[in-house]
Structure formats: C-alpha cells, structure tokens
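Quick note: the sequence shown, position 553, residue 553 per the UniProt record's numbering, numbers continuous. All residues carry an ideal CB built from backbone N, CA and C; glycine is no exception. These notes are about the structure you will find just below.
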Amino acid sequence: MEEDQEQRSGAQSRVASAASSHVDGEEDEVEEVKPTPTSLNMCWSFGVNRHVPVQNLSNGSRKVAFYVCSHVGIMFDWEANKQQLLQGHCNAISCTCVSEDRRWVATADCGKDSMVIIWDSLTTTASVQQHHWPPAYTVRLDNSSTLFLLYVDSIPVQTIFEAHPNGCAAIAMSPDAKYIATISSTLPQTVSVWDWTVNGDMPMCSVVLGDDFGKQTYITFNPEDTTELVSNSESQVIFYQWNEKTLEFVAPPLTDKDFNRSVGLYSQSIFQLQSPRALTATSCGNIVVWEHTGGDLKCNRKAFKIVKLQEKALTLLTTTNRFIVTGDVAGHVRFLDQQLRLTNWYKHFNAGPINAVSFSYSPKIADRQTPQVQANYPPSSTLDAVPFVVNDFLISTSTTNIAHFATDGSKLQFVRREHDSDTHAIACHPSGPRLCIGSYSGLLQLWDYEKKELLASRVFDQRQLMIQCMTFNPSGDLLAIGFTNGNVRVLDGLLLKEEGHSDGLAVFNHCHDCVTNIKFSHDSNYLATCDLDRCVTVFKAQMDNSDQPWVYIGKQRAHYKTIQDISFGIALDSDIPRLLSLGQDRVLVEYDLLNSSTDDLRLISSERIEQSAVPQCFTWYPPIVKENFLVVANDQFKLKLFNSTTKMCRQTLLGPTYGTPLRRLIVLPAHEERLSRYLPYITVDKLKVKVALFFFSALEASATLGGEGLVPFYGLLEGGRDGELCAELEDYFYYAQIRSQGVETTDTRQVSTKVPLAQVPYIMRALGYYPTEQEIDDMINEVKFRDYVATGKYVNEIDLGEFIKLYVNHRPAFGLSPFDLNEAFTKLGMPSDEGFVIDRDRLLTLLQNKGEHMTEAELAEFMSTLLGLGELGGSAETGTYDASNASDLLKEHLPENVTADSFAAQVLGFVTEGNETPSS
C-alpha cells in the first residue's frame, strides 16, 4: 500500500506539472483576475440537477460540495455561503467525476459541440477567496429548472472537444488523476480512455459496445489497478482491461435462472479492495459478486454469487477506506465490511432516496484512532461495538436534497434543499431583494438574493397543487399563485401564508385547467389569470372587507386558441387599469373592467393584429411618449409596436434571431441613475437584453461597437455596404423616382433624395420581398404617422436611408421557406400518391376567398404574370385586366390536381428538388 501511495503521489505531481501551463496550482501564488466588464456574467445559481450526483470536495481545509446546475458546475462552500461557478459548457452537464484527493474535477455534457472539461478546484477556490464580487442581479430561470444570478467564469485546465459525437453519458477519473474514461451518450456506445495531462485531442484507446448491452450509465476505475474498469447499464455489467493501444472488454451474462433468484436492475458497480472481486448493486436489494475466471485477461469475470442485503432497492454502491457503502430508496446509508457484513448504518436522514454518498478527503484517518478522538464517534453495529470512525460525507438524493453528515458527533446539516420537479414559476419582489421560486413539486421558497438566505418556504400537496406561475403585487405585500389544476391562491408576500377568509384561506377554483399566467393591476385592485382552457379570469380586491378581501368577477373565453400572454396597463391620462390578452389565434382582446360585474366579464374590443405570424408575448411600452403603445413579439422574429387604442401597427423591427423566437418581454422600471430604458427578453434557451441590463456601460459599449446610423443596417444586407444587394437597392430606389414622375415624359426630371410612399411596395417586390396588402399598409403607416403626434402632419415621402431600415426590418428574417408552402398544402390538401394535392377549382376558390380577399380581376392579373399568360390581358402600368375568360384560361394552364412541388415550379417559378430549371 505504501508503494501504491508513492505511485499515486508521483502521478499527481505529474498531473499538477502538466496543468501548470494552464493554471497555477498554489493558492498563495494565484493572481487575482478581475471580472470582465461583460453584460451577463453569472455569480450565483439557485437550483440543483438531481440527476447528476453531488461530489464532496472537502479536504480538511475547506468544506465544499460540487454539484451541477444546467450548463454550470457549482463549487459551494456551505459554511461561507459562497459559490464558484465553473462555466464553459454549451449544453447541460450530464456527468462529473473527481480525483481521489478532490483537487481535479471533470465535467462532461451531452449535445452538439459537447465537451469534457477538467478543472483545478484548488485554484478556482483561491480565486473566489480573493475576488470582491460586483453586486448580484436576478434573472429568469431556464427550462432545466434553474435560476441564475450573474458573474464570472473560471479557466479550465484541459478541454476535450467532442470526446464523443453527442457527448458523454458517464465519466470516471483514475485515483491518481492521470486518466479519465468516458462513455458516449448514444447507441452504439463508445468507451474511451484518455491521458488528459498529455493529449486532449485523441484518446489512448477506444472500443465500441453492442446495442444489446443497454445504455451504460456508470463507469469507474479499479482504485488498485488503473488499467481495469467496470461499467454497467440496468441490464449488463461490463469489465475492461486497457493499455496505451487497446481496450478489451468482457460482458459476463447473468439471468435469474443462474442462481434461482431475481437479480434485479443494476445500479452501480465497484472493485472490491484488496480482492480480485467486483460488486454490483441491484434494485432487488442484492449484491452481485463477480470473480476473476483466470486467463490472460484480467477482465475475464463471471458471477460468483448473489448476496441478499435487504428488500429495498440499492441505488448506490461505493467504498471508503476499508468499508463498502450502500444507499437505497428509503434514504438509508449502510457500511459493510469486506465480507459484506453490516458494520453500521444510518436510517434517520429523512432526505429521500440516496443517489450519491461522497466522502471528504483525509489520508490521515489513522490519527483518529486515539481514545480521546474516538469518544465522539458512534459505536459500530458489531458485537465489540468499537467506535465507528470514517470521514465526514455528503449525501445527495433524488428529491434534490444535499446534506453533510459529520461522523465526529453524528451531526446532519442540510446544505441545499431544492426543487425535485420542473420549476416554472418565479417572481421578483418589486422593491426588495427578495425572490420567490415555485415548482411542480409543490415547494415554494422565498430567498434574499443579496444575502443568499432562505427567508421562508412551504410545501403544497404535490399531487394536486403543482405551481405553474406566480407574481407579486406592485407593493410586494401579496403573492398570487396559479396551479396546474386551475387553483388560484393569494398569499402573504413575506410569510407565504394565505390571507382572506376567517378560515385563513383566499382560494379560488374557477379555472378548469392549468393557470399559465397571472398578473396584478398597477393599483393591486385587480388580479387576472389565463389558463389552458383559453379563459381569462378576473378577481377584484375588497379593501374594506377583511373577511373576504378578494372576490371573483368573472371569466371570458374570447380566444379560440391558446392564450399566449396577458397584461395590465394604465389608460392614457388617467389611473384606470386596462387588461389585455393575446392569443395564438392572433387576436388582441381588451376587457371592460369598470362595467363588469359578478359572472359578467365584459369586452371592449377584439381585433386580429397578425396575418400569418403567431404572437408570442407582449408588454406595455414605457410611458415616455404621448401615445400608449404595446410591444408584441411574434414567431417570425419581429417586434411590432401597436397603438393600444387604435390597434394600428406603428412600427416593425427585426427582433433577435438567436435560436428561437422571443417567449417573454419586460421593460425594466425607471431608475434615477439610468437615463435610458431597457428591454430584457428570453427565448426557449437564452436570456438576452435589448440594449442593456446588467453592467450597463459594458452593454452600451458593445452596442456602440455595432455602429451608428445606417452602419448596423448595412451589416444586415447580404454583401454589406459595398455588396450587390445594396447597389441594386439604390438603383431601384432612384428608378422609383423616375417611375413616380412618369416613365414616358419629356418634362424636366425633379431630382430628389426621396420617393413617394406609394412607390415603396414596388421597390420591395423588385428586391424579392413580396408583402401582403396588410404588410404594405403597415409599412406605409409606419412612415406616414411617424411625426403625426408631434407635428399634426403626415409624412408622404421616404429617403434611401429610411427605406433601407424599412426593408431590413420588414422582410422575412430568413427568407421564404419551402416548408411553409408544404405545410399549407398539408393542411388544405388531400393525401395522394404524389403527396398532398389540392383540386384546381378549390385552389382558385381558396386564392380568392381565404386570407386577403382577391377579386377575379386581381386573380387574373397575378396569375397571368406568374404563368406568363399574355392572353389574359392588362398590365401593371395600365392597371386594366380582362377577367371575363380568366377562369377558363387558368384552368387550361393549371393541372387538375396541384401539388406543392408543381405549384412552386409552374406558378411561383421556384427551383424544387429534381427540377433545377423551373417552368415559366
């Protein structure tokens, strides 16, 4: 053993030496790296990924737990209440491992551009202790049930890019920290061994496993021989032997018939210390003992026997010193000797099913064998009842609890108590540093996000009351919660208790489906919800009634598709609240709060605001102008500004195109130190800020780098300022001047930098953007009413710079997609051998009557242009068309059954697959 320890120490020295070019391993020599002035840097994380077991990085001089939150690894010093965030992954971290001395940490993820990253935990901890962090700010949670505060990341020691094409399902580190083993996340799985201190590009050896072995989810090294590995899926245990060139494996079979007893599903496997045996825990409470069968390969093994330990499923199997440690679904932790005899156990944790037991690192455990020290340790469960001395350990559970157990004194301390189900609800206090988080587990927590302290918590019945959404009222003294079963509750904003009736409850059950959004009015007099039943429900406060402070007003199903968002506003030049809802049906509805009464929620208006785009969310524009506006984001990556009274679209902007369309918008409250106003937004997988949010000077500097005036818009044109598109755009713009003055004229031309607004549609079409009549009206109105409120006059002309902005903002973000045409034929057509087809007569009828209405003459005009049918007569210049025989002529030139491909090729003139030369 002394020789082994020397070898490990030597290997660890080589590891530290190899890593020294990346980071300095000595704490007292770490140079302070000041936080970079970037806009969105994490500094804290609320939440734990319960599927990735916790690791104990404590080593006597520190008490640190390492766990995972989405893309980030968290080193949490629970005594100092500090976090160090290990950032670098672009996907959620799927597995982790640590070295025996708890210095080196490896993290791996799954997905595109996956990585394996090795960190030096001593260096990153030293950096935490030296930094003076900037203030923390809260931001919204993501889909992995994690809420983040923002700050800096740490520097990796080694990064292995795409160790496997789609990332890793399991990872292990050798005790000397020189090697890591990885298993790919997709079938067929590949197992690789890496010498990460030498080469991060290629593994030393690899092998591909068969699909019939199941998905291997756990792997570990033999602590006494790093050339041996063992992994397992739920149905197969595999033993490996490797050298610098080859990796060989044996997958010994085992069925219930072999020992005439149920084996169960495998959970974890280990190598037994000072023994040629290996052990595997199962869901039937068994330990499978594997023996070496001899031969040249050390991985030659077979099942020797099955030992029944207990009835409850074993979820964990590990070792510490001379003991074998198990954890189970009942939350019990047992210590066994090398003959699998019970030595001690702990049954009082009450933390949930165990998924990890991780011990602190203390190589001098022999120093604790004195009678004075042993007096604080509990007696073992053996007949001699000697003091049971092991290192302190952390447990993590599938219910997302992390607890530290000090064996010296048998003290249990919960390090984290987190949500073990999806987290969909979060609310920030309007004035204080308080943050409320709720989840489908029924857990509700109120945090002080500056001090990182839990102020209050409560648990609702998870079977019926799963928290979906919540919000504080403007004063912050009330918290309203919507549940998945339609239940709505109003709680005290500080104590998280119900307020209202004499029985202490303010509970409403008027919604019949999941409540998806909940909002207070600005004066806290109204509370509104929307649900998956497509209903908006309104409640009203009764300030003078302490027995019934809130009453039900009524609900309306004004939408025929899912409601995307609801929001309260304030009527212009008054203090009267306004309530609006926006649905997937593209309808914006306003409710008449003042004239509504019990069971009679009335409407003011219901107007369709989009043609093809589907609205995603909206918010009220800040009251910094004379008009009242709504900002609406749609699924075509556009932001639109609507007059909240007339519902006229007053401006269209190209929105962020980072991944998915925007899902939520808010306007940050005004602040005395900020002259500008800011618009944060989120997508499905990203949090962004329009202009600025945190470290405002940094974001404003970044925005400045994008250029001023037309520079950013030129950057959005293909080829830029000097490209062909920009030159073509200028040519069309000046040709439009000639066209507006008459093509065939001998009068002197009026040279101008502007063109009439009536020419805008023609220039757009010449550039390949074909707006609908509604889109044309939106573009014209955007320019026409630009200065009307300030001057009382219309704008009737547009210059080249304004036109470039208009073109960039209004044209489709990603051009025309064949998918849209195929989707239309799928919905409107009938299936056939050629795909979905639409009858010719029905197609002509749809073109005339659905969407924007077209007369027969207009249909003749458009189809004659597309099909090149001069016999239909008329021209764009004269505006006259002979539609008398249009229907018959169109039928002659269109097939009886029209498919998406034939329509694209013959009518629209698009190049389709297999038809590179489209018909005219």
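{"Query": "Residues bridged to histidine 404 by DSSP?", "Result": "Leu394, Gln413"}
{"Query": "Relative to the alpha-carbon of valine 52, which residue among Thr652, Asp839, Arg557, Thr399 has its alpha-carbon at the smallest distance?", "Result": "Thr399"}
{"Query": "Kindly indicate which three-state DSSP category glutamine 737 falls into: helix, strand or coil?", "Result": "helix"}
{"Query": "Please report how far the alpha carbon of threonine 484 lies from the alpha carbon of cysteine 511, in whole angstroms.", "Result": "10 Å"}
{"Query": "Please state whether DSSP places isoleucine 804 in a helix, a strand or coil.", "Result": "helix"}
{"Query": "Using only CA atoms, which one of Tyr714, Arg608, Asp523, Asp599 lies nearest to serine 574?", "Result": "Asp523"}
{"Query": "Can you have a look at serine 581 and say buried or exposed, based on whether 16 or more other CB atoms are within 10 angstroms of its CB?", "Result": "buried"}
{"Query": "Would the region 821-831 count as touching the region 897-906 if we require 3 or more Cβ pairs under 8 Å?", "Result": "yes"}
{"Query": "If distances are taken between C-alpha atoms only, which option among Gln556, Pro276, Glu607 comes closest to aspartate 600?", "Result": "Gln556"}
{"Query": "Just to confirm the assignment, what range does the beta strand (DSSP E) spanning alanine 425 have?", "Result": "425-428"}
{"Query": "Please report the residue range of the alpha helix (DSSP H) in which lysine 827 lies.", "Result": "818-828"}
{"Query": "Going straight from the alpha carbon of glycine 709 to that of valine 760, what length do you get?", "Result": "21 Å"}
{"Query": "Sort Ala92, Glu100, Thr123 by Cα distance to lysine 112 and report the nearest one.", "Result": "Ala92"}
{"Query": "Could you pull out every unbroken beta strand (DSSP E) segment of at least 3 residues lying fully inside the region 421-482, listed in chain order?", "Result": "425-428, 434-438, 443-448, 453-459, 467-472"}
{"Query": "Assuming proline 549 and phenylalanine 520 form a contact by the criterion Cβ under 8 Å, report the distance between their Cβ atoms to the nearest whole angstrom.", "Result": "The Cβ separation is near 13 Å, so there is no contact."}
{"Query": "Using the Cα positions of serine 267 and cysteine 205, report the straight-line distance between them to the nearest angstrom.", "Result": "26 Å"}
{"Query": "Among Gln339, Thr293, Gly285, which residue has its Cα nearest to the Cα of valine 333?", "Result": "Gly285"}
{"Query": "Could you tell me whether the region 430-445 touches the region 103-111, using the rule of 3 or more Cβ pairs below 8 Å?", "Result": "no"}
{"Query": "Can you look up proline 712 in the DSSP assignment and give me helix, strand or coil?", "Result": "helix"}
{"Query": "For the region 608-618 against the region 629-638, do three or more pairs of beta-carbon atoms, one drawn from each stretch, fall closer than 8 Å, so that the two count as touching?", "Result": "yes"}
{"Query": "Any contact between the region 71-80 and the region 422-441? By contact I mean 3 or more CB pairs, one from each, below 8 Å.", "Result": "no"}
{"Query": "Along the beta strand (DSSP E) that carries threonine 343, what are the first and last residues, could you check?", "Result": "342-346"}
{"Query": "Please state whether DSSP places serine 902 in a helix, a strand or coil.", "Result": "helix"}
{"Query": "Can you list, in chain order, the residues of its chain with a C-beta nearer than 8 Å to that of phenylalanine 66? Leave out the 5 residues immediately preceding and following it.", "Result": "Val54, Gln55, Asn56, Leu57, Gly73, Ile74, Met75, Phe76, Thr96, Val98, Val105, Ser121"}
{"Query": "For a test of the three-state rule: what should DSSP assign to lysine 891, helix, strand or coil?", "Result": "helix"}
{"Query": "What alpha helix (DSSP H) runs, 4 residues minimum, are completely inside the region 195-231?", "Result": "none"}
{"Query": "In the DSSP assignment, find the beta strand (DSSP E) that holds leucine 844 and state where it starts and stops.", "Result": "Run containing leucine 844: none in the beta strand (DSSP E); it sits in the alpha helix (DSSP H), 840-849."}
{"Query": "Can you pull the DSSP bridge partners for glycine 352?", "Result": "Glycine 352 is not bridged to any residue."}
{"Query": "By Cβ distance, which residues of its chain are closer than 6 Å to serine 605, with the 5 residues on each side in sequence left out?", "Result": "Glu590"}
{"Query": "By Cβ distance, which residues of its chain are closer than 7 Å to residue 936, with the 5 residues on each side in sequence left out?", "Result": "Here the chain covers residues 1 to 920 and nothing more, so residue 936 does not appear."}
{"Query": "If you draw a straight line from the alpha carbon of tyrosine 526 to that of cysteine 168, how long is it in whole angstroms?", "Result": "50 Å"}
{"Query": "Kindly provide the ranges of any beta strand (DSSP E) runs that are 3 or more residues long and lie completely inside the region 547-609, ordered along the chain.", "Result": "550-556, 563-570, 577-583, 587-597, 600-608"}
{"Query": "Taking only three categories from DSSP, how would you classify glutamine 774?", "Result": "helix"}
{"Query": "Should serine 358 and leucine 336 be called a contact, given that it needs their Cβ atoms to be closer than 8 Å?", "Result": "no"}
{"Query": "Is it true that the region 192-206 meets the region 244-251, where meeting means three or more beta-carbon pairs spaced less than 8 Å apart?", "Result": "yes"}
{"Query": "What is the DSSP secondary structure of serine 502, reduced to helix, strand or coil?", "Result": "For serine 502, the predicted model reports a pLDDT of 46, less than 50, meaning its position is unreliable; a value from the coordinates is still stated below. Residue state, collapsed to three classes: coil."}
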